[in-house]
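Notes follow the structure.
Numbering (UniProt numbering), first residue to last: 1 to 683.
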């Protein structure tokens, strides 16, 4: 049998999803994450997962992996000691930035510390003008001296970024050659290789982040590749990018900056595929894990792709799905703030020691502890019985918090849930209401280990009427790895007024980008029939600071292409801003090509309707605290594995499965659709 395997390494659990090509069989598995070395949990999850289905690592024909290694290293500032070589007079650029405070009205807010300290930033004589002419040749001896100084200082990585390096990269190429000669053991990257676009601060910041994470990712990928080889894996492993696609390990090691949202991006891909299967294209994804919650909006089945993002204070110019993250997960800790009010997150119990109920010495209650006390979660065990827990420890920890707040135990536990729900609702409003979308027009797709547990209250908070809970919600991101393609993005900036005179230059630039895409296809071994290209262009009115991405029609570049771009820009500008500036010049700023290499993907089959009666799936009953009912209510417990297509039941109810728990509030109804996803509806 041929198996496809997707593994998502999270902060608390490592999720495994296996799919068998011939039968369509899906199997899921979870193992505790190993934050000190995530590759250990991945190897263990792979071995246990394939053993569970009676296979071996040699039967795996596709291996996809999503990781938070780069993200965590950036958040926790655990990258390597990094140096920067830049244009003389601009070494403080990455610290000055855009002179914006993180919070406009918070005079005490701190900016993220620069990833390169000032003593490791070297300016060298060189200057390229905006039109590509060389005003000052590169001082190669100064570069050599800078490389020697950085080597003497013990740096592990060097970023190179010059002004207008994206227009004329020769100076950066020469500098990289010299640094390689002087310091071959260092990880070296130039800005034109990672972000060949304008805006020098963001471009150089991206190069610095890439260098800062480079050796960390290289070491991790090397350890993981060795472990997988020892297991007997023969398939070529792939790693998820922030844009929702996957790339080979070699490119991920060279461009780790493209993996900073590796983990949550494939969850959005999975939700997109599920929405297409069940005919619900307008979705808001809600991925709640142990440490954080990630949300995204899909309009008409399409996830928005951002060309730039600010990740924990560091601007990154790399294509990534437009995902918003908040520190609200099952492991988020509850505490009393300086004002005497209850606060939940962003601190997390993580995988070790984990919530108090794990019995590993933790004393601060987490969101999971609140659910254990309320008994929305099983009070004796998790993971389908594999993981025993102690409810009395949760009660003791929340009881101490209740005493400080002057509340009773159950009110405090419910208060923790209410606070974390408000945090998650705020995140969804950022990607919906603040961008002109009404969440009531969308269905909430809840996944992640804790997503279905909190989805009903979150939907009620936002007045959303429908929730989709995937068949295996706890491994949503791992499932997405089996539903995505190889993907890479190429771009270059050339500012010019949009007109028919631009046609020859536009054609030449897109040909050059396509050549880069073709080279990538060859590196990844993508057959010609499986290659897809999509062209877009970033446009703006002359004098604007930000651009709008507009699709470029297929076929040769002609005056008709220019007209289509102008019409598309006007329509998009009017939709977003409510007006069109008639007669104003439009600039074409950045040219983009997205390359997609189609790969065989998991194909799910609908199940025959088994009728509405779901009583066969009831495996017991449990008292669950519902404030709507004024206390504990006896709830039927449904086994998710026993629910069939067409089954219907009403809340209050609990649905348990190995990888997650779903809560139905009083008055809600649930229907199992043909692909075995749960559709929850509000009254």
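Where is the CB? At the ideal position from N, CA and C, for every residue including glycine. Because the structure is a prediction, the values reported are computed rather than measured.
Selection from the options that minimises the alpha carbon distance to residue i
i           : options            : result
residue 188 : 459, 478, 302, 85  : 85
residue 225 : 557, 252, 200, 534 : 252
residue 343 : 384, 402, 655      : 402
residue 516 : 361, 631, 144, 193 : 193
residue 697 : 287, 413, 339, 561 : The first residue shown for the chain is 1 and the last is 683, placing residue 697 beyond what the model contains.
residue 530 : 18, 591, 597       : 597
residue 336 : 635, 524, 398      : 398
residue 168 : 138, 148, 582, 313 : 138
residue 661 : 452, 553, 537      : 452
residue 609 : 640, 646, 379, 581 : 646
residue 658 : 29, 20, 22, 8      : 29
residue 300 : 289, 314, 306, 280 : 280
residue 334 : 307, 356, 319, 2   : 356
residue 629 : 648, 523, 558, 652 : 652
residue 575 : 140, 548, 23       : 548
residue 383 : 565, 243, 9, 13    : 13
residue 449 : 472, 227, 376      : 472
residue 331 : 348, 338, 323, 325 : 348
residue 668 : 207, 680, 479, 676 : 680
residue 396 : 414, 365, 386      : 365
residue 666 : 476, 545, 460, 21  : 460
C-beta atoms of residue i and residue j nearer than 8 Å
i           : j           : result
residue 421 : residue 457 : yes
residue 272 : residue 259 : no
residue 150 : residue 83  : yes
residue 297 : residue 284 : yes
residue 328 : residue 345 : yes
residue 481 : residue 49  : no
residue 81  : residue 155 : yes
residue 261 : residue 305 : no
Residue i, enclosing beta strand (DSSP E) - first and last residue
i           : result
residue 650 : 648-650
residue 570 : No beta strand (DSSP E) contains residue 570, which is instead part of the alpha helix (DSSP H) from 559-577.
residue 443 : 443-447
residue 346 : 342-348
residue 284 : 283-288
residue 621 : 618-626
residue 472 : Run containing residue 472: none; DSSP gives neither H nor E here.
residue 663 : 660-664
residue 132 : Run containing residue 132: none; DSSP gives neither H nor E here.
residue 594 : 586-597
residue 28  : 26-32
residue 510 : Run containing residue 510: none in the beta strand (DSSP E); it sits in the alpha helix (DSSP H), 503-524.
residue 121 : 121-124
Unbroken alpha helix (DSSP H) run spanning residue i, endpoints
i           : result
residue 192 : 191-194
residue 294 : Note, residue 294: premise wrong, no alpha helix (DSSP H); beta strand (DSSP E) at 293-299.
residue 537 : Residue 537 -> not in any alpha helix (DSSP H); beta strand (DSSP E) instead, spanning 531-541.
residue 682 : Neither: residue 682 is in no alpha helix (DSSP H) and is coded neither H nor E.
residue 635 : Per DSSP, residue 635 belongs to no alpha helix (DSSP H); it is in the beta strand (DSSP E), 631-639.
residue 184 : Residue 184 -> no alpha helix (DSSP H), and no H or E assigned at all.
residue 431 : 409-431
residue 152 : 140-152
residue 462 : 451-462
residue 684 : Because residue 684 is not part of the residues shown, which for the chain are 1 to 683, the question remains open.
residue 397 : 391-405
Bridge partner(s) assigned by DSSP for residue i
i           : result
residue 220 : BP columns for residue 220 are empty, so no partner.
residue 310 : 315
residue 9   : 14
residue 160 : 85, 190
residue 656 : 639, 661
residue 491 : 592
residue 549 : 538
residue 247 : 239
Distance between beta carbons of residue j and residue i, contact taken as under 8 Å
i           : j           : result
residue 198 : residue 221 : 31 Å between Cβ atoms; not a contact.
residue 317 : residue 203 : 6 Å
residue 428 : residue 311 : Wrong, their Cβ atoms sit about 20 Å apart, outside the cutoff.
residue 552 : residue 565 : 7 Å
residue 319 : residue 489 : 4 Å
residue 640 : residue 614 : About 11 Å separates the two Cβ atoms, so there is no contact after all.
residue 69  : residue 217 : 6 Å
residue 601 : residue 483 : 5 Å
Cβ of residue i within 8 Å of any chain B Cβ
i           : result
residue 383 : Absent from the structure: chain B. Only one protein chain is present.
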